[in-house]
Amino acid sequence: MFIGLADSFKTKPFPMSKIKLLIVFFVLMLTFSCKEKETESPVTWSLTPSGEKIQLPLDDSTSNVSMGLEYFQSEKPLLFNSNRNNNSLQIYDLDGQTLVKEIRFEREGDQGTALGHFHVQSLDSIFIFPEMSPFIILTDTSGTIKSRIRFSLPEGYPMIFVHNSYYVSPPVVRGKELIVKVRLDGNPSSINQEALDGKKLLAAINLEDGSTRLLPFGFPKDYLSNGQKQFEFSVAGNHGKTVASYMGDHQVYFSNSENEPMQPKSAKSQYLDETMPTFPKDVDGRGFSAYFFAKSRYESLIHDPYRNVYYRFAYPTVVAETDEELRALRASPGPFVVMVLDEDLNVLAETKFDSGTYLPSNFFVGEKGLYLSLSHPDNPANQEDQFAFELIQLKE
1079 MFIGLADSFK TKPFPMSKIK LLIVFFVLML TFSCKEKETE SPVTWSLTPS GEKIQLPLDD
1139 STSNVSMGLE YFQSEKPLLF NSNRNNNSLQ IYDLDGQTLV KEIRFEREGD QGTALGHFHV
1199 QSLDSIFIFP EMSPFIILTD TSGTIKSRIR FSLPEGYPMI FVHNSYYVSP PVVRGKELIV
1259 KVRLDGNPSS INQEALDGKK LLAAINLEDG STRLLPFGFP KDYLSNGQKQ FEFSVAGNHG
1319 KTVASYMGDH QVYFSNSENE PMQPKSAKSQ YLDETMPTFP KDVDGRGFSA YFFAKSRYES
1379 LIHDPYRNVY YRFAYPTVVA ETDEELRALR ASPGPFVVMV LDEDLNVLAE TKFDSGTYLP
1439 SNFFVGEKGL YLSLSHPDNP ANQEDQFAFE LIQLKE
């Protein structure tokens, strides 16, 4: 009985023709699978100089190294420049590559203000931020002072810091409030992590009554885990999303609303030190200068609304053997890196630019892409009587 039962489970011989068909089918499936994997390979992006340039003529009172640039798209693409020698804002037509208007402000009286930094919300709403002042000035292209908004910050925040070329963090208008970066009080060489945890990055100023509140965003909880670091940071706002980049942190941090805490996202440059530098143990002038100008660091983070990407500027460590070489880095920066992050803050590309061609503190984003200044002091093509920019294009 058991023998008969076992015989009933024996498999019948499989025809050779069907075996050949199965082999052919398997080979075809393997071929299509390989092709599908090839088509799904990640897209390679690059950020490269295009050779396309913008050259803007300057008068004798205007330096070709700007303290503040801002692009504004009107009927024509416009570039605003802060000219502190004349206490004025200059407006350049980028299509015609000409100066179309200079808005000069009085220094004294009811219409007086000292031009500091600025932000162009519209041609009818231009914000002026005089340095170390408790006022925000609202004007337009006529240069008429429309209002002065007096505000006061909480203790521990000496001023707002809306700089147009240093750790750029453009203000954002949300309803009746202006979201601005604040400057932190305290000594970065001695503050501890617990004290830093209480510091905030941004303030919201009510444009009607000047009342101020701090937004909840602060520094990473481990920012000082390896030693003391500078407080510098850059913030980019994009339709309610806030993205922050810190001088001494490889990661970037983001939040989609005020009600959500900041979340980290890895965005390390391959050209910077693995461990970010800290203040030197022997506190002296040269040590601090080396930390600020010769060591690995991240600087401005800016949003490109036309391609919905972010550009993160960074500086690799360089060797400055003498005090003279170290001092030269202030006006003649060494090599720098521009990283490209997508809308989810994934690194798409990064390009290292050698020193001596571009001035990384002077840049703007236009419809075609990122423009870098050619006014580096060591650039043989540098001309004092013009602003010159080259288009740096993001391509697949």
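The opening position of the sequence shown corresponds to residue 1079 in our numbering, with each subsequent residue numbered one higher.
Using N, Cα and C, we set each Cβ at its ideal position, and we do this for glycine too.
Terminal residues of the beta strand (DSSP E) in which residue i lies
{"i": "G1315", "result": "F1311 to N1316"}
{"i": "E1377", "result": "R1375 to D1382"}
{"i": "E1428", "result": "V1425 to F1431"}
{"i": "S1323", "result": "K1319 to Y1324"}
{"i": "K1224", "result": "First-last for K1224: undefined, no H or E at that position."}
{"i": "L1419", "result": "F1414 to L1419"}
{"i": "S1333", "result": "V1330 to S1333"}
{"i": "I1269", "result": "No beta strand (DSSP E) contains I1269, which DSSP labels as neither H nor E."}
{"i": "Q1151", "result": "L1147 to Q1151"}
{"i": "T1217", "result": "F1213 to T1217"}
Which of helix, strand or coil DSSP assigns to residue i
{"i": "A1282", "result": "strand"}
{"i": "R1390", "result": "strand"}
{"i": "D1275", "result": "helix"}
{"i": "K1263", "result": "The residue you asked about is not Lys; residue 1263 is Asp in the sequence shown. In this structure, D1263 counts as coil in the three-state DSSP scheme."}
{"i": "E1445", "result": "coil"}
{"i": "A1466", "result": "strand"}
{"i": "E1130", "result": "strand"}
{"i": "L1293", "result": "coil"}
{"i": "L1398", "result": "Reading the sequence as shown, one finds Ala at residue 1398 and not Leu. It is coil, neither helix nor strand."}
{"i": "D1201", "result": "For the record, residue 1201 in the displayed sequence is Leu; it is not Asp. Coil, per DSSP."}
{"i": "R1162", "result": "coil"}
{"i": "E1184", "result": "strand"}
{"i": "R1252", "result": "strand"}
{"i": "E1403", "result": "helix"}
{"i": "R1385", "result": "coil"}
{"i": "P1458", "result": "coil"}
{"i": "E1474", "result": "coil"}
{"i": "K1113", "result": "Only weak support exists for where K1113 lies, its pLDDT of 49 falling under 50; the coordinates are left without a value."}
{"i": "L1106", "result": "Summary for L1106: the model assigns pLDDT 49, below 50, so the residue's position carries little reliability, and this model does not support an answer."}
Endpoints, alpha helix (DSSP H) assigned at residue i
{"i": "A1192", "result": "Counting along the chain, A1192 falls outside any alpha helix (DSSP H), and DSSP gives it neither H nor E."}
Sub-7 Å separation of residue i and residue j beta-carbons
{"i": "Q1133", "j": "Q1341", "result": "no"}
{"i": "L1472", "j": "L1125", "result": "yes"}
{"i": "P1394", "j": "S1410", "result": "no"}
{"i": "E1310", "j": "N1284", "result": "no"}
{"i": "T1191", "j": "I1215", "result": "yes"}
{"i": "R1261", "j": "F1297", "result": "no"}
{"i": "H1195", "j": "F1207", "result": "yes"}
{"i": "Y1245", "j": "S1333", "result": "no"}
{"i": "T1429", "j": "N1457", "result": "no"}
{"i": "E1462", "j": "N1142", "result": "yes"}
{"i": "G1412", "j": "V1396", "result": "yes"}
{"i": "L1136", "j": "L1157", "result": "no"}
{"i": "G1234", "j": "I1181", "result": "no"}
{"i": "Q1308", "j": "S1267", "result": "no"}
{"i": "H1317", "j": "K1346", "result": "no"}
{"i": "L1167", "j": "F1442", "result": "no"}
{"i": "V1416", "j": "F1391", "result": "yes"}
{"i": "Y1384", "j": "L1448", "result": "no"}
Contact belief for residue i with residue j at Cβ below 8 Å, rounded distance in angstroms
{"i": "L1469", "j": "S1451", "result": "With 8 Å as the limit, L1469 and S1451 do not qualify as a contact, their Cβ atoms being about 12 Å apart."}
{"i": "V1250", "j": "G1315", "result": "4 Å"}
{"i": "G1326", "j": "Y1349", "result": "The Cβ separation is near 16 Å, so there is no contact."}
{"i": "T1356", "j": "N1304", "result": "6 Å"}
{"i": "L1201", "j": "D1218", "result": "6 Å"}
{"i": "V1198", "j": "F1229", "result": "With 8 Å as the limit, V1198 and F1229 do not qualify as a contact, their Cβ atoms being about 20 Å apart."}
Test: residue i CB closer than 7 Å to a CB of chain D
{"i": "Y1244", "result": "Chain labels in this structure do not include chain D; a single protein chain is all it has."}
Query raised in the report: Which runs of the alpha helix (DSSP H), 4 residues or longer, sit entirely within the region 1341-1371?
Result: 1363-1371
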